[in-house]
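Number of protein chains: 2
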Amino acid sequence: MTEPVGTADAPQAGSTADFGREAPFMLDCGVELGPFTLAYQTYGRLNADKSNAILVCHALTGDQFVAETHPVTGKPGWWSLMVGPGLALDTDRYFVICINVLGGCMGTTGPKSINPASGEPWALDLPVITLGDMVRAQKLLIDHLGIDKLFCVTGGSMGGMQVLQWAASYPEKVFAAIPIATAARHTAQNIAFHEVGRQAIMADLDWCGGRYLAEGRNPDRGLAVARMTAHITYLSEPALHRKFGRRLQDRKGLTFGFDADFQVESYLRHQGASFVQRFDANSYLYITRAMDYFDLAEEFGGKLANAFRSTPVRFCVISFSSDWLFPTAENRDVVHALNAAAADVSFVEIESDAGHDAFLLDEPEFRDTLCGFLNGCAEHRGLSFP
Amino acid sequence: MTEPVGTADAPQAGSTADFGREAPFMLDCGVELGPFTLAYQTYGRLNADKSNAILVCHALTGDQFVAETHPVTGKPGWWSLMVGPGLALDTDRYFVICINVLGGCMGTTGPKSINPASGEPWALDLPVITLGDMVRAQKLLIDHLGIDKLFCVTGGSMGGMQVLQWAASYPEKVFAAIPIATAARHTAQNIAFHEVGRQAIMADLDWCGGRYLAEGRNPDRGLAVARMTAHITYLSEPALHRKFGRRLQDRKGLTFGFDADFQVESYLRHQGASFVQRFDANSYLYITRAMDYFDLAEEFGGKLANAFRSTPVRFCVISFSSDWLFPTAENRDVVHALNAAAADVSFVEIESDAGHDAFLLDEPEFRDTLCGFLNGCAEHRGLSFP
Chain B
1 MTEPVGTADA PQAGSTADFG REAPFMLDCG VELGPFTLAY QTYGRLNADK
51 SNAILVCHAL TGDQFVAETH PVTGKPGWWS LMVGPGLALD TDRYFVICIN
101 VLGGCMGTTG PKSINPASGE PWALDLPVIT LGDMVRAQKL LIDHLGIDKL
151 FCVTGGSMGG MQVLQWAASY PEKVFAAIPI ATAARHTAQN IAFHEVGRQA
201 IMADLDWCGG RYLAEGRNPD RGLAVARMTA HITYLSEPAL HRKFGRRLQD
251 RKGLTFGFDA DFQVESYLRH QGASFVQRFD ANSYLYITRA MDYFDLAEEF
301 GGKLANAFRS TPVRFCVISF SSDWLFPTAE NRDVVHALNA AAADVSFVEI
351 ESDAGHDAFL LDEPEFRDTL CGFLNGCAEH RGLSFP
Chain P
387 MTEPVGTADA PQAGSTADFG REAPFMLDCG VELGPFTLAY QTYGRLNADK
437 SNAILVCHAL TGDQFVAETH PVTGKPGWWS LMVGPGLALD TDRYFVICIN
487 VLGGCMGTTG PKSINPASGE PWALDLPVIT LGDMVRAQKL LIDHLGIDKL
537 FCVTGGSMGG MQVLQWAASY PEKVFAAIPI ATAARHTAQN IAFHEVGRQA
587 IMADLDWCGG RYLAEGRNPD RGLAVARMTA HITYLSEPAL HRKFGRRLQD
637 RKGLTFGFDA DFQVESYLRH QGASFVQRFD ANSYLYITRA MDYFDLAEEF
687 GGKLANAFRS TPVRFCVISF SSDWLFPTAE NRDVVHALNA AAADVSFVEI
737 ESDAGHDAFL LDEPEFRDTL CGFLNGCAEH RGLSFP
């Protein structure tokens, strides 16, 4: 049913596993999904008692290619500064797993996958996916790998939401949890920015009501606008000022036209244009929707602390001072709930002017926090390393 | 050449004046524009020595209908809470003028006006307009009305930029200036959000390279997305939370689809849909461009204080605590420059959670600040009221 998984030193390219064939997989929307595929990558070696596994959960537009050359863009993996031999998530010590989320577009079942019922891409016929669905699917793969308890679950942004969902849904299956730059629910402003992105995609005539793949078209222009808007929210104003300010593309001065006069315009256009090469527009709709729907407290009677009552999980919550998309206040709400649930939790706000995207960078204080927390947990867990 | 102007009590509907026929009007881009029309509205009565005139400058998507029913939307004027008999800008005392900016779409020459050379709408053949051009055009109208010196120039956002440009360009023609929720230059983040809006418009196939009017089409979808994005930046996160939070449109719960589940989505869609009824997409391109190009210091050797050396103008700079588009820090930079130029300046940061749009609301501290400053200036100016 599945490809061999990474028990060797070298990362396995293109591992997949299929589920939902024998046992039905019920989505939160009340529809059964199956069969479906999860695509994932692993790094490092799983130890004999399978106690050194770290699940990294990716963000909205991330994927399973955490620490290797991306097969589409040819660029380094999105967390290659943090995951690898001798790095914060040290693959000489840990077995790192990353799974493309349900609804994604890098091999896991999503709207561009073929709907067995029609023989055509699912498009909008794919049921809406939730963060809870994504995590329940991941749990199937972790079981499939024979891992009874994850040493750690971590991730930033939507990855952090999955971390919280894992800890709430499977407290006995997670030793440590590091939610980064995240929140236990999407705010009105978060939803608003996502809605603008979705409207930009759906406004593109090449979107074709979602059936663009069957029509041989692609809503590149709408998807690029969605990405550009989102990208602004990933950076802080000081970071944009430091990187670009009002600097012009051409030293000769303003052109008095609508081309990209300012460097920041050219940068955004590039972000939009390169994003459409690697991402599926309908996946963008589904995954943003999953984030909007996320409200962990809602599942637990409206009280977030109830999600973590008597949890054995050790938490380290990390926020960044200049992140205005998932500001420190939202992360602190998680910490307050964990405190109210008498959980073992530490909290660090990293000083950085890089905005939300700081979690993708090698900020020294961030790296030290990750290393320190993981080392402490490894000791408590009784992990020994060569 | 012009219609009669407001020397009566009742506001004059649809006043216009034409310029650039006898004397050429040179734009900052180096191209001559002419003839061109300015459309404006007035409220109150100009006194005998023409010393009680207040010029109100409108923001990006505002227009000259400050304090009367809008002829297109049927809604109250955008500053009807502040301008009128007995209000902060008391039309029993002052003669209030508002001029649709050059490049606009409510009667003043803009991209939807007819280009005399072609007999078709200008579209992108209209030269790019700057804030400096807008203000020089306004000066022609103020001269035409026989007003030698404005008692006050005020406005919020882009209106505030015009206030600063007026004070810098015509210090002897302005007694008092109230720039509100503004900046002396557009930041990288401001430019980035505008660029996203422009890209959304230009991505719409109905934009037709700008020639949509000639083609009988309109880029409604792109313009709506541009408006939705911008609208998020006009509100603070706390205001969005207070107004909408995560409340659903339908009490029955989530629909697990892509319709507007959340009230904030429905609100944004409504903002987009109603905006396209009253605003021209190319005007949106031209006016956002004018704001992006605005950098008052640049005109004065890179030092903002030089724009105000020995200025006789009395300033009152007003910002709002939750405005993240034109944050207090940007307004304070203006105050610092005015201080460095030894100008007469007071500065008030109004506590409000309403974000940038607070300047459109009747916040009591804001109203009191406007009234107090205007009363003091009226006394200094020797104005007497019936």
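Respectively, the protein sequence lines represent chains B and P.
FYI, in our numbering the residues of the first sequence are 1 to 386.
FYI, in our numbering the residues of the second sequence are 387 to 772.
Using N, Cα and C, we set each Cβ at its ideal position, and we do this for glycine too.
These numbers come from a predicted model, not from an experiment.
- A straight-line Cα-Cα distance of about 23 Å links residue 683 of chain P and residue 442 of chain P.
- Residue 574 of chain P reaches chain B at 237, 240, 241, 243, 244, 245, 246, 262, 264, counting residues in chain order whose Cβ is nearer than 8 Å.
- Residue 145 of chain B counts as buried, since no fewer than 16 other beta carbons sit within 10 angstroms of its beta carbon.
- For residue 616 of chain P against residue 545 of chain P, the beta-carbon gap comes to about 16 Å, at or over 8 Å, which does not count as contact.
- The Cβ atoms of residue 487 of chain P and residue 452 of chain P do not sit closer than 8 Å to each other.
- The Cβ of residue 412 of chain P sits no closer than 8 Å to any Cβ of chain B.
- Taking 8 Å as the threshold, the shortest C-beta distance from residue 172 of chain B to chain P does not fall below it.
- With respect to the C-alpha of residue 671 of chain P, the residue from P:539, P:489, P:763, P:718 having the closest C-alpha is P:489.
- For residue 571 of chain P, the CB contacts under 7 Å within the same chain, skipping 5 residues up- and downstream, are 680, 681, 682, 683 in chain order.
- Taken in chain order, no unbroken stretch of beta strand (DSSP E) lies wholly in the region 616 to 698 of chain P with a span of 3 residues or more.
- Partner residues in the beta bridge of residue 412 of chain P, as assigned by DSSP, are P:418.
- When the Cα atoms are used, residue 500 of chain P and residue 551 of chain P turn out to be separated by approximately 28 Å.
- The beta-carbon separation of residue 359 of chain B and residue 157 of chain B, rounded to 7 Å, stays under the 8 Å limit for a contact.
- Of B:348, B:17, B:385, B:312, the smallest CA-CA separation from residue 174 of chain B is found for B:312.
- The Cβ atoms of residue 634 of chain P and residue 657 of chain P do not sit closer than 8 Å to each other.
- Shown here, residue 501 of chain P sits in a strand according to DSSP, grouped into three states.
- Scanning chain B for C-beta atoms nearer than 9 Å to the C-beta of residue 681 of chain P yields 246, reported in chain order.
- Between residue 690 of chain P and the set P:673, P:516, P:728, the nearest pair of CA atoms involves P:728.
- For residue 575 of chain P, the number of other beta carbons within 10 angstroms of its own is at least 16, and it is reported as buried.
- Put simply, the CB of residue 517 of chain P is far from chain B, with every gap to its CB atoms at 8 Å or more.
- Annotation: the continuous beta strand (DSSP E) that includes residue 700 of chain P extends over 700 to 706.
- Approximately 12 Å separates the beta-carbon atoms of residue 669 of chain P and residue 493 of chain P; this is outside 8 Å, ruling out the contact.
- Straight across, the Cα-Cα distance linking residue 716 of chain P with residue 538 of chain P is about 22 Å.
- Per the coordinates, the alpha-carbon of residue 257 of chain B lies some 27 Å from the alpha-carbon of residue 426 of chain P.
- By the rule that beta-carbons nearer than 8 Å mark a contact, residue 232 of chain B touches chain P.
- Between the C-alpha atoms of residue 384 of chain B and residue 54 of chain B there is a straight-line separation of about 15 Å.
- The continuous stretches of alpha helix (DSSP H) do not include residue 344 of chain B, which lies in the beta strand (DSSP E) extending over residues 344 to 350.
- At a cut-off of 8 Å between C-beta atoms, residue 29 of chain B counts as an interface residue with respect to chain P.
- Annotation: the continuous alpha helix (DSSP H) that includes residue 750 of chain P extends over 750 to 767.
- Rounded to whole angstroms, the separation of the alpha carbons of residue 243 of chain B and residue 35 of chain B is 46 Å.
- Of the residues B:370, B:112, B:135, B:314, the one whose Cα lies closest to the Cα of residue 344 of chain B is B:314.
- By DSSP's assignment, residue 506 of chain P forms a beta bridge with P:501.
- By the neighbour-count definition (other C-beta atoms within 10 Å, threshold 16), residue 450 of chain P is a buried residue.
- Taking 8 Å as the CB threshold, residue 637 of chain P stays off the interface with chain B.
- With a threshold of 8 Å between beta carbons, residue 216 of chain B makes no contact with chain P.
- The DSSP-derived three-state label of residue 555 of chain P is helix.
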